[in-house]
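Working notes for the structure below.
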Amino acid sequence: MNRLPRAAELGLIRCHVCALVCRDNQVAGAACPRCGARLHRRKSASYSRTAALLIAAFLLYIPANLLPIMRTASIGEMDDNTIISGVVELWVKGAPDLAVIVFTASIMVPMLKFLVLGLLLVCGKCGSNWAQHQRARLYRLVEFVGYWSMLDVFVVALLTALVRFGVFSSVEPLPGVVFFGLTVVLTMLASMSFDPRLIWDCGCDDE
Amino acid sequence: MDTMSPAPLLICEHCDTVYRRIPLARGQVACCARCQFVLERHHRLGADGLLALTATAMVVFIQANIWPIVTLGLNGQQSSATLWGTIIAMWQQHAQVVSVLAAATLFFFPLMKMLLFGWVFWFARRGERGPGFRGVMIVLHYLRPWTMSEVFMLGVLVAIVKARAYFEVTADPGVFAYAALTVLITVFAGVDFRQLWDVTAERKP
Ligand SMILES: [Zn+2]
Ligand SMILES: [Zn+2]
Chain A
1 MNRLPRAAEL
11 GLIRCHVCAL
21 VCRDNQVAGA
31 ACPRCGARLH
41 RRKSASYSRT
51 AALLIAAFLL
61 YIPANLLPIM
71 RTASIGEMDD
81 NTIISGVVEL
91 WVKGAPDLAV
101 IVFTASIMVP
111 MLKFLVLGLL
121 LVCGKCGSNW
131 AQHQRARLYR
141 LVEFVGYWSM
151 LDVFVVALLT
161 ALVRFGVFSS
171 VEPLPGVVFF
181 GLTVVLTMLA
191 SMSFDPRLIW
201 DCGCDDE
Chain B
1001 MDTMSPAPLL
1011 ICEHCDTVYR
1021 RIPLARGQVA
1031 CCARCQFVLE
1041 RHHRLGADGL
1051 LALTATAMVV
1061 FIQANIWPIV
1071 TLGLNGQQSS
1081 ATLWGTIIAM
1091 WQQHAQVVSV
1101 LAAATLFFFP
1111 LMKMLLFGWV
1121 FWFARRGERG
1131 PGFRGVMIVL
1141 HYLRPWTMSE
1151 VFMLGVLVAI
1161 VKARAYFEVT
1171 ADPGVFAYAA
1181 LTVLITVFAG
1191 VDFRQLWDVT
1201 AERKP
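If you read the protein sequences in the order shown, they are chains A and B. For the first sequence, the working numbering gives the first residue as 1, with consecutive numbering after it. For the second sequence, the working numbering gives the first residue as 1001, with consecutive numbering after it.
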């Protein structure tokens, strides 16, 4: 018996709030005796919730990239910046290292989230046990880096508060930044509603 | 059914594999053999240490919030910003959604987290659960992914570099408070506060 037993086989449930190991009474709506949270073997409606949130996030991600996120104005001159043009500006202004960081946080991380969560949904739905270890690792990566996408939103907010020199120079936020902030929140909710245990539910091929 | 501390079994959060719990030595980390997720880690710091850490974080957090973060200069004019100045500016500039997001993830959630941590660690020093322990632990569980002070810290650096091309930029004490806060948050990130469920018991009346 070298196999690693799973909770469902032993009739156990792990409470998602306090991590207590509980006996699975097969009762719908059973509560954790320690913290009172409702016990469930898997997050409820994980696939459909994750898919819905991911699609909503993607729809908001399009205007977030196409619309300008901030306007800089100085003595009659106006300049609208998108996420990409902000990255290019950093690169040109001699801070390529920061340009790479902003590019990663604002473009790579959201794209990675769409691709990884999309892949996890498709593989899960097909019941495939292909590359389970890699998929588990990808999921953890997405969970770990997800909220760093908020970087650009905070940069725009700070510049808005700082650059207030009336007609000489001022910065104001534009709708793109609102769409971007909402995209980040929705992708975070999407990765939270995905249940990583589903990766291993289609038969585990360990050892 | 009633599993008293320390629970003999452990279930991996990410793949549902069941393990028999073994006591960990100093600095040891137990990882899941199937998915490599961290099951449990040994804590160097006891409740006293964690309480001290929370108090330090609280002081630094207050400083990071009341001190200005950066000052810009243009033709002899000066303009500086604090966190709340930033939140209010976004509200006034018709980006209320961003303003609310920033207020929640940079002020209210971190503040709640520290106050609630302080509350549970204070009682945990004597192995007790304070009033409202259950509710507090549930709130802490749901707050966990929603604090972003470290992202804001990086945002400050990016904003400084962007502004440097047009203005004279002076870093104010708030930046250093934020840097210190980022370090403390990194330390806190390794703390699994759920172990408090195992190491504390309901207070005897
Ligand atoms: Zn529980
Ligand atoms: Zn595991």
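The beta carbon of each residue, even a glycine, is placed where N, CA and C say it ideally should be. In this text, all values refer to a predicted model and were calculated from it rather than measured experimentally.
Residues sharing a beta bridge with residue i, DSSP
i                : result
C1031 of chain B : B:V1038
L12 of chain A   : A:R23
L975 of chain B  : Because chain B spans 1001 through 1205 in this model, residue 975 of chain B falls outside it and cannot be assessed.
R71 of chain A   : A:D80, A:E172
I1011 of chain B : B:V1018
E1128 of chain B : B:A1201
A1102 of chain B : Note: A1102 of chain B sits in no beta bridge, so no partner.
R6 of chain A    : B:T1017
R38 of chain A   : A:A31
Anticipated Cβ contact below 8 Å, residue i with residue j, distance rounded
i                : j                : result
A190 of chain A  : A45 of chain A   : Not quite, the Cβ-Cβ distance comes to about 13 Å (not below 8 Å), so this is no contact.
F1121 of chain B : T1054 of chain B : 6 Å
G86 of chain A   : D152 of chain A  : 7 Å
P215 of chain A  : T187 of chain A  : There is no way to answer for residue 215 of chain A, as the model of chain A reaches only from 1 to 207.
L138 of chain A  : V116 of chain A  : 5 Å
V1158 of chain B : V102 of chain A  : 6 Å
L12 of chain A   : C22 of chain A   : 7 Å
F209 of chain A  : L54 of chain A   : Because chain A in this structure spans residues 1 to 207, residue 209 of chain A falls outside the shown range and cannot be described.
R135 of chain A  : L120 of chain A  : 6 Å
V1070 of chain B : I1160 of chain B : 6 Å
L1039 of chain B : A1030 of chain B : 4 Å
M78 of chain A   : L174 of chain A  : Contact doesn't hold; Cβ gap of about 11 Å is too wide.
V142 of chain A  : L112 of chain A  : 7 Å
F168 of chain A  : N1075 of chain B : 7 Å
C1035 of chain B : W200 of chain A  : 7 Å
F1109 of chain B : L1143 of chain B : 6 Å
A1104 of chain B : T1086 of chain B : Not quite, the Cβ-Cβ distance comes to about 14 Å (not below 8 Å), so this is no contact.
F1167 of chain B : L1072 of chain B : 4 Å
A7 of chain A    : R14 of chain A   : 6 Å
Per-residue contacts from residue i into chain C (C-beta, under 9 Å)
i                : result
Y1166 of chain B : Checking the listed chains, one finds no chain C in this structure; the protein chains it contains are A and B.
Problem set entry | Validate contact between the stretch 1193 to 1201 of chain B and the stretch 1077 to 1096 of chain B using beta carbons, cut 8 Å, 3 pairs | The stretch 1193 to 1201 of chain B makes no contact with the stretch 1077 to 1096 of chain B, as fewer than three CB pairs between them are under 8 Å.
Problem set entry | Whole runs of the alpha helix (DSSP H) within the stretch 1036 to 1086 of chain B, excluding any shorter than 4 residues | Counting only runs of 4 or more, we get 1047 to 1066.
For this session: Mind listing, in chain order, the continuous alpha helix (DSSP H) runs of no fewer than 4 residues lying wholly within the stretch 1144 to 1181 of chain B?
Result: The stretch 1144 to 1181 of chain B contains, as complete alpha helix (DSSP H) runs of 4+ residues, the segments 1149 to 1164 (chain order).
Exercise. Within the structure, which residues are defined as neighbours of ligand 1 by a Cβ-heavy atom distance below 6 Å, reported in chain order?
Worked result: Close to ligand 1, as judged by a C-beta nearer than 6 Å to any of its heavy atoms, are the residues A:C15, A:V17, A:C18, A:L20, A:C32, A:R34, A:C35, A:A37, in chain order.
Exercise. How about the stretch 1139 to 1155 of chain B and the stretch 1041 to 1052 of chain B: do they share at least three Cβ pairs that are nearer than 8 Å?
Worked result: Because the criterion of three Cβ pairs below 8 Å is not met, the stretch 1139 to 1155 of chain B and the stretch 1041 to 1052 of chain B do not touch.
Exercise. What residue ranges within the stretch 94 to 182 of chain A form continuous alpha helix (DSSP H) runs of no fewer than 4 residues, ordered along the chain?
Worked result: With a minimum length of 4 residues, the continuous alpha helix (DSSP H) runs that stay inside the stretch 94 to 182 of chain A are 96 to 103, 109 to 126, 132 to 145, 151 to 162.
Problem set entry | Touch test, the stretch 153 to 168 of chain A against the stretch 1062 to 1082 of chain B, Cβ-Cβ under 8 Å, three pairs minimum | Yes: the two stretches touch, three or more of their Cβ pairs being nearer than 8 Å.
Exercise. With a cut-off of 8 Å, do at least 3 Cβ pairs link the stretch 1011 to 1029 of chain B to the stretch 1150 to 1157 of chain B?
Worked result: Under the 8 Å Cβ criterion, the stretch 1011 to 1029 of chain B does not count as touching the stretch 1150 to 1157 of chain B, having fewer than three qualifying pairs.
Exercise. Residues with a Cβ closer than 6 Å to any heavy atom of ligand 2, in chain order?
Worked result: Working through the chain, the matches are B:C1012, B:H1014, B:C1015, B:T1017, B:C1032, B:R1034, B:C1035, B:F1037.
For this session: Indicate whether the contact test is met: 3 or more Cβ pairs, each with one atom in the stretch 48 to 55 of chain A and one in the stretch 190 to 199 of chain A, closer than 8 Å.
Result: By the Cβ test, the stretch 48 to 55 of chain A is in contact with the stretch 190 to 199 of chain A, since at least three Cβ pairs between them sit closer than 8 Å.
Exercise. Below 8 Å, can you find three or more Cβ-Cβ pairs linking the stretch 122 to 134 of chain A to the stretch 1053 to 1070 of chain B?
Worked result: The stretch 122 to 134 of chain A makes no contact with the stretch 1053 to 1070 of chain B: fewer than 3 CB pairs, one atom from each, lie closer than 8 Å.
For this session: Would you check if there are 3 or more beta carbon pairs closer than 8 Å linking the stretch 1118 to 1134 of chain B to the stretch 1164 to 1174 of chain B?
Result: The stretch 1118 to 1134 of chain B, when compared against the stretch 1164 to 1174 of chain B, does not touch it at the 8 Å Cβ threshold.
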